[in-house]
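A.B. asks: First residue of the sequence shown: 1, per full-length UniProt numbering; consecutive thereafter.
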Amino acid sequence: MSLLMDIQCHVLPIEQGNLLIPSSLVVDEIVVDVTSETHEFSWRNRTIKLVSYSEVRKAASEAKQPYRAVVLRSLSTVKELPFYALAIEGFSHSVTANQNNLVLSDQKTCEITTCAAKIGSLVCMIPDLPMIEQRVLSCYYQSTLVSA
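1) I believe residue 102 touches residue 119 by the beta-carbon criterion, under 8 Å. Please report the beta-carbon distance rounded to the nearest angstrom.
2) Closest to residue 113 by C-alpha separation, out of 18, 33 and 32, would be which residue?
3) Within a Cβ cutoff of 7 Å, which residues of the same chain sit near residue 26, ignoring the five residues on either side of it in sequence?
4) Please check the pair residue 54 and residue 107, which I expect to be a contact at CB under 8 Å, by giving their CB distance rounded to whole angstroms.
5) If you follow the beta strand (DSSP E) that residue 102 is in, where does it begin and where does it stop?
6) Does the beta-carbon of residue 84 have 16 or more other beta-carbons within 10 angstroms, so that it is buried, or is it exposed?
7) Measure from the alpha carbon of residue 92 to the alpha carbon of each residue in 116, 31 and 5, then state which is nearest.
8) Could you tell me whether the Cβ atoms of residue 132 and residue 14 are closer together than 9 Å?
Right, here's the structure in full:
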């Protein structure tokens, strides 16, 4: 893949490694204490679903409280999901991806990952955000836990 321009990205540290997402989707980074079984919290007068990547990918993991989370703008046009949050481990940081420092791999680490990537020396997963959002919406409509 050839990148003709720089793309601003965020590296999100999670239990299984790092996620690489476009910075244009990151709205906020916060600490939340989620006590409800629905994994929801209030943010800017909205109810936001908190998604744990390990739960969505059906991996066994104990959730840690309180959560550090990154609020993301949804790619979906569905009005019930303008934003959602991903639980992260530690602090996110921004990187610039371009043809000189980004190497993509066809290897999928799980079904909700589009591919693996290496940016500089950092190995990351590129999440399948539409699939994650579809699972969040499915849980929203079923009023169940966001653990697909």
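C-beta: ideal position from N, C-alpha, C; glycine also.
C.D. replies: Result, derived from the coordinates:
1) 5 Å
2) Among 18, 33 and 32, the Cα nearest to that of residue 113 is on 18.
3) 10, 70 and 72
4) Contact doesn't hold; Cβ gap of about 19 Å is too wide.
5) 102 to 105
6) buried
7) 31
8) It is not a contact, given that the beta carbons lie outside the stated cut-off.
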